[in-house]
Amino acid sequence: MRLATWNVNSLRVRLPQVLDWLGRQRPDVLCLQETKLPNPAFPDRALAAAGYHGAASGQAAYNGVAVLSRRPLEVAAVELPGLRDPQRRLLTVRAEGLTVVNVYVPNGQAVGSEKFHYKLRWLEALRDYLAELLEREARLVVAGDFNVAPADEDVHDPRAWAGAVLCSEPERARFRALLDLGLRDLLRAFPQPPRSYTWWDYRAGAFRRDHGLRIDHILASPAAAAACRRAWIDRAPRGWERPSDHAPVLAEFADA
DNA sequence: ATGGCTTACAACGTAAGA
């Protein structure tokens, strides 16, 4: 069973690439972030033609998450419980014997800003939600764009980024609080090459210079992590024409 | 050099992303 996550930065613009990539990697489950589409505009037909069911928690212009699955999926939550939040950033589904929480964590804009405090509150509410889910869901996966580079090795230039949004200690502490629930960071559980990044700025030739950050993650409960066989980043789509600024992250699991 | 690029909106510039 192959599961993946990809921030596509507009599913409308990226649909041809998503369809191409689905054909190449054949994931069983794909979590998408930043679809930027209201649910009525979700491309059900094109995805069905490619062999995928879809579930979406969308909104126009910003945010929006969706999960694609080769087999039918059951929606468990379309927003983060415990937070009155009009932004569509979380979608929990049951698919392939897993409970999959797809997240698009707020960016935070700048340390100390109102959006930064919203990000910290969001991560705290996520922790509480996952703590509750873990009490009853043995095979749990949390995948998505966390907008946190957990450690300096996840940053191309740690000195330049020290203390900045995506890398600051308050954000890293809240990411660690997710791991402290017993979740494992699968790209850490399986050795990766150096410079294993998932995001490169569109500007200043960042991808060509490999100026990246690892901010997209797949976390797994102990039982799900035990079933994981490998995890990796597919940076190829970042080099395609008109790419998303994020690369997909994948994990393979033994069947339940 | 505090920028560089890309997207959505319905404006032909502004907001936001990371």
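Using our numbering, read the first sequence as starting at 2 and increasing by one per residue. From the three backbone atoms N, C-alpha and C, an ideal C-beta is built for every residue, glycine too.
Buried/exposed call for residue i, threshold 16 Cβ in 10 Å
i	result
Glu75	exposed
Pro17	exposed
Ser114	exposed
Glu97	buried
Arg90	buried
Val250	buried
Trp123	buried
Pro151	buried
Tyr105	buried
Val9	buried
Gly59	buried
Gly240	exposed
Val149	buried
Gly65	buried
Asp186	buried
Val14	exposed
Glu138	buried
Arg196	exposed
Own chain, CB closer than 6 angstroms to residue i, minus 5 neighbours either side, in chain order
i	result
Leu12	Thr36 and Leu38
Ser169	Val112
Ala57	Asn40, Phe43 and Ala67
Phe191	Arg231 and Ala232
Asn108	Asn148
Ala61	Pro39
Unbroken alpha helix (DSSP H) run spanning residue i, endpoints
i	result
Gly24	Leu12 to Gln26
Ala42	Run containing Ala42: none; DSSP gives neither H nor E here.
Leu124	Glu115 to Arg137
Leu92	That residue, Leu92, is in no alpha helix (DSSP H); its beta strand (DSSP E) goes Leu91 to Ala96.
Leu179	Glu170 to Leu180
Presumed contact (8 angstroms Cβ cut-off) between residue i and residue j, rounded CB distance
i	j	result
Ala144	Ile219	5 angstroms
Leu135	Leu182	6 angstroms
Leu69	Leu31	4 angstroms
Leu214	Asp146	Incorrect: roughly 11 angstroms between the Cβ atoms, too far for contact.
Val166	Phe208	So it is not a contact: roughly 20 angstroms between Cβ atoms.
Leu99	Ala225	6 angstroms
Asp158	His212	7 angstroms
Leu20	Ala47	7 angstroms
The beta strand (DSSP E) enclosing residue i, as first and last residue numbers
i	result
Trp241	It is not in any beta strand (DSSP E) - Trp241 carries neither H nor E in the DSSP assignment.
Leu188	Taken as a continuous stretch (DSSP letters only), Leu188 belongs to no beta strand (DSSP E), being part of the alpha helix (DSSP H) at Leu187 to Ala190.
Leu69	Val66 to Ser70
Leu33	Val30 to Gln34
Glu75	Glu75 to Ala78
Arg160	Note, Arg160: premise wrong, no beta strand (DSSP E); alpha helix (DSSP H) at Pro159 to Trp162.
Arg140	No beta strand (DSSP E) holds Arg140; DSSP gives it neither H nor E.
Ala56	His54 to Ser58
Ala5	Arg3 to Asn8
Cβ shell of residue i (< 7 angstroms), same chain only, five flanking positions each side left out
i	result
Ala255	Ala228 and Arg230
Pro244	Pro238
Strand pairing of residue i, partner residues [DSSP]
i	result
Arg231	Glu253
Tyr105	Asp146
Gly213	Trp201
Ser222	Ser222 is not bridged to any residue.
Val166	DSSP output for Val166 lists no bridge partner at all.
Val156	Leu214
Close Cβ partners of residue i (< 8 angstroms) along its chain, the five nearest in sequence each way excluded
i	result
Gln26	Arg3, Ala5, Asp235, Pro249 and Leu251
Arg128	Arg175, Ala178, Leu179 and Leu182
Arg72	Asp29, His54, Ala96 and Glu97
Near the ligand FMN: residue i beta-carbon under 6 angstroms from a heavy atom
i	result
Leu16	This structure lacks the ligand FMN; in fact it carries no ligand of any kind.
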